[in-house]
Structure formats: C-alpha cells, structure tokens
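In my numbering, the protein residues as written are 2 to 286. Ideal Cβ placement from N, Cα and C applies to all residues, glycine included. Below is one structure, written out as structure tokens, with a few remarks after it.
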Amino acid sequence: LFGQRMPSPILLAPTARQRDLHPDGELGMHRAATTTGTTMIVSNASSFPFTRIARGADGPLWFQRYATRETEPNRVALGEAQEVGAQTIVVTIDQQASYYERDLHDRHLGGTPRRVTRRVPENPPNPYRVNPGRLWYEWKLFDDLRPMCGVPMLAKGILTGEGARKCLEHGIDGIIVSNHGGRAIDYGPSSLEVLEEVVEAVGGRVPVLIDSGFRRGSDALKALALGADAVCFGRASRWGLGAFGEEGAQKVLEILDAELRQAMAAAGVASIADIDRSIVKTDFP
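This is the structure:
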C-alpha cells in the first residue's frame with residue numbers, strides 16, 4: 002500500500018487525545034503498532050507532538066491533518082511531520098458540524114472525574130456544534146496542500162462516488178471512506194454501505210481505505226470483499242489502550258488479526274488476494 006509492505010490490511014485510524022484513556026497515550030499505541038507491524042495514523046489532535054510519537058518507536062506512521070485556512074500553519078505542520086518520517090498525509094475534510102448527544106449522558110458534568118492532565122469541562126449549553134474553522138472547505142484545498150506533500154496525500158471523509166471523483170480530479174493519491182465514526186449526524190449512511198459506490202467511481206486508480214464502525218476482524222473481511230484495500234480501526238484499539246495501556250492495545254491488534262484470519266478461513270480464502278465480492282451478501286429482502 003503506497004509502496005509499504007504490510008503484514009495485515011488492518012491499520013489504526015486517527016483518534017484524538019489518547020492520553021485521556023491511559024498515560025501511555027499515543028506513545029503506547031505507537032509501540033503496540035510497531036510490535037505488531039501495524040501502520041498508525043496519528044491524529045492532528047494527539048496528546049503528544051507528532052515528532053515525539055515518531056521518535057518513540059520505529060513503526061510506520063501516517064499523519065492526519067485538519068487543514069487551516071491560513072497556509073503557513075499547514076506548511077509547518079506537514080513539513081515537521083514529514084521531516085520525522087510521516088510516510089503519508091491524511092487530510093480530513095468532514096466533521097464541519099456535529100451533535101454529540103451521547104456526551105450528555107457520559108461524564109461531561111464538569112469537575113470530577115478528572116482526566117489525566119486537566120479537569121473535565123462542562124458540556125456546552127447548546128450541544129449542537131458548527132465548526133466555523135472548517136466551513137470554508139473547498140476542493141481547491143487539495144491543490145494548495147499538494148506542493149507541501151512529498152509523500153502520498155489521502156482524503157478522509159468521502160461518502161459518495163461524486164466526492165471520490167472530485168478527489169481524483171484534484172490529485173489525491175488515496176481515499177478513506179469515513180463518516181467520522183458515526184459521530185457527525187445520526188442520519189447519514191454507514192461507510193460500509195457506500196463503499197462499493199466509491200470503489201466503482203475510483204475504478205482502481207487509487208487505493209480505497211475505510212473506517213467507522215469496524216469492531217472485529219470479520220468486519221474487516223466484509224470491507225475487503227466489497228473493494229477496500231485496507232481497513233482502519235479506531236475505537237477498538239482505544240478500548241485496549243484504556244484497559245491496559247500499550248499491552249492492551251497490542252492485544253487488541255493481535256485479536257483483530259486473528260479474527261480476520263479465522264473469518265478468511267471460514268470463507269474459504271487463503272490470502273488477501275483471494276477475497277472477492279462473492280463471500281458477502283448485501284441484497285437481503
């Protein structure tokens with residue numbers, strides 16, 4: 002994938018502030034990924050600087066970026082990431098607005114319990130959020146970022162064939178089909194149900210990856226059968242990190258890989274190359 006040989010088509014999706022789950026944070030997650038040979042996509046909103054994460058272990062790293070309207074912050078962030086070894090840049094273009102209703106029932110009441118480094122903030126009086134810092138997004142963004150990237154550049158957050166075709170028109174090297182883990186709005190499609198539309202639109206010209214809602218290795222098999230080149234896991238790895246730090250994250254990655262192998266065997270396929278559309282059924286009455 003992008004010239005990188007990977008032992009598994011499972012990657013770690015970018016997820017923010019991992020130190021809130023465990024003191025190891027992204028440092029532990031990267032060590033776990035290195036041990037298992039898993040590629041980790043580091044979030045723009047990580048608990049530690051990307052440079053520190055990159056120097057903490059030797060495994061492959063990609064860098065996820067929420068672009069700013071101003072050019073210089075993008076140039077600095079992308080330059081620093083590539084300087085310390087980012088092999089791919091992932092530009093997220095979704096999540097302009099969100100409503101985290103679940104947070105109201107979670108733990109955001111202010112005061113205690115505490116996070117690792119600071120008090121938990123209270124919920125905002127209005128949980129509906131629109132991020133003005135992203136409402137300006139337009140396809141020209143990729144034209145502006147392209148000269149800053151000496152490595153492959155991916156677009157994350159694509160849910161339509163039309164969007165995929167626009168990405169190709171603007172020089173994107175790969176696409177991540179994603180609905181941001183279902184966290185933006187309850188009424189959008191799942192990433193898996195639009196995957197084939199995106200794959201068809203791309204027509205094999207660039208790799209297509211996917212995330213959002215994947216919990217088991219067997220889930221990864223479904224996506225691979227529907228045309229994905231790789232599958233990114235977010236929450237599942239966070240559960241392992243939160244429970245047991247680096248060792249927990251490593252164990253989750255090992256379980257996911259074992260589950261994928263078992264599901265492949267049950268489907269009668271001996272290698273990733275043998276996986277095809279025939280092993281899944283989607284046209285239920």
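Check, Outcome
"Limits of the alpha helix (DSSP H) - the one that L54 falls within", "The sequence given here has Ile at residue 54, not Leu. Element bounds for I54: 51–57."
"T37 classed as buried or exposed, judged by whether at least 16 other C-beta atoms fall within 10 angstroms", "buried"
"Neighbour-count burial assignment, V77, 16 or more Cβ in a 10 Å radius", "exposed"
"Simplified DSSP state of L142, which is helix, strand or coil", "helix"
"Euclidean distance between Cα positions of L1 and I211", "Past the boundaries of the shown model lies residue 1; the chain is included only from 2 to 286, so the question cannot be answered."
"For P8 and A264, the rounded distance between their alpha carbons", "17 angstroms"
"E201 vs T161 beta-carbon contact at 8 angstroms", "no"
"Cutoff 7 angstroms; reference V281; Cβ partners in own chain excluding five residues on either side", "K223, A226, L227"
"Of the listed residues H23, D21, D95, nearest to A185 (C-alpha basis)", "D95"
"Cutoff 7 angstroms; reference D277; Cβ partners in own chain excluding five residues on either side", "A226"
"G299: first and last residue of the uninterrupted alpha helix (DSSP H) it sits in", "Any answer about residue 299 is impossible in this case: the structure gives the chain only from 2 up to 286."
"Residue interval of the alpha helix (DSSP H) (run including A224)", "218–226"
"Sequence-distant residues of the same chain with beta carbon closer than 8 angstroms to F143, five excluded per side", "V92, M154, A156, C168, H171, G172, I173"
"Test item: CB-CB of V207 and I176 under 8 angstroms", "yes"
"Extent of the continuous beta strand (DSSP E) to which Q65 belongs", "62–66"
"The stretch 9–26 contacting the stretch 252–261, beta-carbon criterion three pairs below 8 angstroms", "yes"
"Reduced DSSP secondary structure (H/G/I, E/B, other) of C233", "strand"
"Rounded distance between the beta-carbons of Q19 and Q88, thought under 8 angstroms", "Rounded, the Cβ-Cβ distance is 20 angstroms, inconsistent with contact."
"Residue nearest to T40 in terms of C-alpha spacing, selected from I273, I90, D145, D187", "I90"
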